[in-house]
Amino acid sequence: MPPGPPTIPILGNAHQIPSTGRYRNKMINSRGIFRAWANKYGRISTFKLGPANIVVLCDCKAIHKLLVEKGSIYSDRPDTYIGNLYTKGNHLAIMQMIPEWREKQKIMAYNFSPNQLDQKHFKVQEAEYSTILMNDLLNSPTSFFNHIRRYTNSVASSVKYGYRAATFSSFWGHLSFIET
Numbered sequence: 001m002p003p004g005p006p007t008i009p010i011l012g013n014a015h016q017i018p019s020t021g022r023y024r025n026k027m028i029n030s031r032g033i034f035r036a037w038a039n040k041y042g043r044i045s046t047f048k049l050g051p052a053n054i055v056v057l058c059d060c061k062a063i064h065k066l067l068v069e070k071g072s073i074y075s076d077r078p079d080t081y082i083g084n085l086y087t088k089g090n091h092l093a094i095m096q097m098i099p100e101w102r103e104k105q106k107i108m109a110y111n112f113s114p115n116q117l118d119q120k121h122f123k124v125q126e127a128e129y130s131t132i133l134m135n136d137l138l139n140s141p142t143s144f145f146n147h148i149r150r151y152t153n154s155v156a157s158s159v160k161y162g163y164r165a166a167t168f169s170s171f172w173g174h175l176s177f178i179e180t
């Protein structure tokens, strides 16, 4: 890790970062404390907030080199215990970049490309909209928001899993609320 200010146990450098007052805006604008650390420890410095190491980049060349040229090395997501526990480690948004993630990402990118959306999924949207959504609205117009939720969940679950939401109270009708 790049050099940085000395830390204290458990807190790291949290006690050195102002959280209120006029210094907070300076910190956000990379002036204040981060600028002082850049002058003292170099254009790339590290500080700790609790158990997390945070790298501060204060140089355009370093930012370009690390994030653009070598971005694939540094772009992996951190492993989160709660996220894995909640999703059983199988949610694309919080999964680390392992071969399984790459396969899922390729499949999702292909299936949700503009060409595929026009060719395959437009028919699903049109069928849900023209028959079911309009029928739901005619039968019970007071449940408008539930019909919209059922429609969007049905389209998403039809495309992603191959199952449609017949009603809002069905499993597939509530799927987006379960996954988030």
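Read left to right, the sequence shown gives residues 1 to 180 (my numbering).
Ideal Cβ placement from N, Cα and C applies to all residues, glycine included.
Small disclaimer: the values here were computed from a predicted structure and weren't measured.
Contacting residues, own chain, Cβ-Cβ under 7 Å from residue 66 (five flanking each side not counted): Within the sequence shown, numbered from 1, the residue matching residue 66 stands at position 66. For residue 66, same chain residues with a beta-carbon under 7 Å away, outside a window of 5 residues either side, are 57 and 74 in chain order.
Mind checking who residue 57 pairs with in its DSSP beta bridge? Taking the first residue of the sequence shown as position 1, residue 57 is located at position 57. Per DSSP, 44.
Does residue 11 come out as helix, strand or coil in the three-state DSSP assignment? Stepping through the sequence shown from its first residue, residue 11 is reached at position 11. Coil, per DSSP.
Can you check DSSP and say which residues form a bridge with residue 49? Looking up residue 49 in the sequence shown gives position 49. DSSP lists 12 and 52 as partners of residue 49.
The alpha helix (DSSP H) that contains residue 147, what's its start and end? As a working mapping, residue 147 is identified with position 147 in the sequence shown. Taken as a continuous stretch (DSSP letters only), the alpha helix (DSSP H) holding residue 147 covers 144–160.
Would you check if the region 3–14 and the region 43–61 touch, i.e. whether three or more CB-CB distances between them fall below 8 Å? yes
Can you tell me whether residue 76 is buried or exposed? The criterion is at least 16 other CB atoms within 10 Å of its CB, across all chains shown. Position 76 of the sequence shown, counted from the first residue, corresponds to residue 76. Under this definition residue 76 is an exposed residue.
Can you grab the Cα-Cα spacing for the pair residue 99 / residue 131, in whole Å? If you number the sequence shown from 1, residue 99 lands on position 99. If you number the sequence shown from 1, residue 131 lands on position 131. Going by C-alpha positions, residue 99 is about 40 Å away from residue 131.
Through-space distance from residue 126 to residue 60, alpha-carbon basis: The residue given as residue 60 occupies position 60 in the sequence shown. The residue given as residue 126 occupies position 126 in the sequence shown. Straight through space, the alpha carbons of residue 126 and residue 60 are spaced by roughly 48 Å.
Buried versus exposed, by CB contacts within 10 Å (16 or more), residue 13: Within the sequence shown, numbered from 1, the residue matching residue 13 stands at position 13. Result: buried.
Closest residue to residue 140 among 154, 167, 70 and 68 (Cα-Cα distance): Your numbering for residue 140 matches position 140 in the sequence shown. That would be 167, whose Cα lies nearest to the Cα of residue 140.
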